[in-house]
Amino acid sequence: MTEIIEAIKRSAIRIRKAINEEELGYAQSANSSGEQQLKLDVLSDTIIEEELARASSVKTIASEEKSDPVTINESGKYLVGYDPLDGSSLVDVNLSVGSIFGIYEGSFSGPNLVASAYVVYGPRTELVVATIKAERFRLEGEEFVFMQELALGDKGKLNAPGATQKYWYPHHKELVESLFAEGYRLRYSGGMVPDLHQILVKGGGLFSYPGTEDKPKGKLRKIFEVFPFANIYEKAGGYAIDESGRRLLELGCGDIHETTPCFFGSRYEIEKVKEYYEKA
Ligand code: FDP
């Protein structure tokens, strides 16, 4: 496991440099979800593949930017699913983006996730790793220095509601409005990594990406985005559920690009989600 975390750190340092220095334009390709790839998406994917290939414990990698998993070392123990540059539609406006990693044993599914991590490329570069605890590090020079253990409170103040409001189901709209009516403040940049990071660092709140009339299964991918963050939220003392109130980490996965509605938060807000969704 240590060598995988070290590979993630080396990737993060190289991607940070690429974000700062490389050209931004589009690549001549689309990813498997049909989204046009930026040159930076492709470069970040290559960097992570190169660094993970140096870790002998990694058997298979699966990237949001590749259509199928790739076996890189038959005798490896772990499978790593990653989103090399999440929120890349925010690169041109210079908002924070991130990389997300899920480490699995056996196969890609919620119950098989054994550890996860993400990197936020903001004004500073930070790394959060969740093995037994969720720990936050900051890049200083070429070193990631420990900052704190992340711990969510019982209740927060932030509300980050994703997806197109026009297509929200009525019960979801009621849930979001009920939190605002209680005094919650809107915090939504459109980048999953900084939006979830903000709630974790500020100690609580709700991030939701629901199923909608146009996308009943939501948008966020289980293997690359949802399961890794579910583990991080749970290790920080929070909760991560789907629209039926089930723990996200109990969900299986068919196609590696499968998506699911998802809700991440502290205890109070997740109870609210259950209450409004049970009424639906
Ligand atoms: P992006 O498409 O820019 O890569 O991964 C998908 C994602 O970003 C998440 O980072 C983000 O939370 C979400 O899409 C935003 O989607 P909406 O604009 O539909 O809310």
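Just so it is clear: in the sequence shown, position 188 is 187 by numbering that gives the first Met the number 0, and no numbers are missing.
Ideal placement from N, C-alpha and C gives every residue a C-beta, glycine not left out.
In this text, all values refer to a predicted model and were calculated from it rather than measured experimentally.
Cβ pair residue i, residue j closer than 8 angstroms
i           : j           : result
residue 222 : residue 24  : no
residue 135 : residue 144 : no
residue 83  : residue 44  : yes
residue 153 : residue 265 : yes
residue 39  : residue 90  : yes
residue 196 : residue 276 : no
residue 3   : residue 54  : yes
residue 235 : residue 149 : yes
residue 108 : residue 230 : no
residue 202 : residue 208 : no
residue 254 : residue 190 : no
residue 118 : residue 101 : no
residue 75  : residue 106 : no
residue 205 : residue 159 : yes
residue 155 : residue 268 : yes
residue 15  : residue 163 : no
residue 174 : residue 92  : no
residue 263 : residue 237 : yes
residue 233 : residue 210 : no
Contact belief for residue i with residue j at Cβ below 8 angstroms, rounded distance in angstroms
i           : j           : result
residue 261 : residue 247 : 6 angstroms
residue 103 : residue 113 : 7 angstroms
residue 95  : residue 188 : 7 angstroms
residue 99  : residue 193 : Not confirmed; about 12 angstroms, so no contact.
residue 42  : residue 73  : Their Cβ separation, rounded to whole angstroms, is 27 angstroms, which puts residue 42 and residue 73 out of contact at 8 angstroms.
residue 212 : residue 12  : With 8 angstroms as the limit, residue 212 and residue 12 do not qualify as a contact, their Cβ atoms being about 42 angstroms apart.
residue 50  : residue 6   : 4 angstroms
residue 71  : residue 59  : 7 angstroms
residue 168 : residue 279 : 7 angstroms
residue 259 : residue 250 : 6 angstroms
residue 126 : residue 214 : Actually they are not in contact, since the Cβ atoms of residue 126 and residue 214 sit about 31 angstroms apart, beyond 8 angstroms.
Residue(s) in a DSSP beta bridge with residue i
i           : result
residue 263 : 206 and 239
residue 125 : 119 and 137
residue 85  : 97
residue 258 : 220
residue 62  : 81
residue 104 : 77
residue 225 : In the DSSP output, where bridge partners are listed per residue, residue 225 has none listed.
residue 69  : 60
residue 112 : 103
residue 246 : 240
Q. So which residues put a beta carbon under 7 angstroms from any heavy atom of ligand 1, going in chain order?
A. 34, 82, 85, 86, 87, 88, 89, 161, 162, 163, 189, 190, 191, 192, 194, 208, 218, 219 and 224
Q | Any alpha helix (DSSP H) of 4 or more consecutive residues that is wholly inside the region 136–223 | A | 169–180 and 191–201
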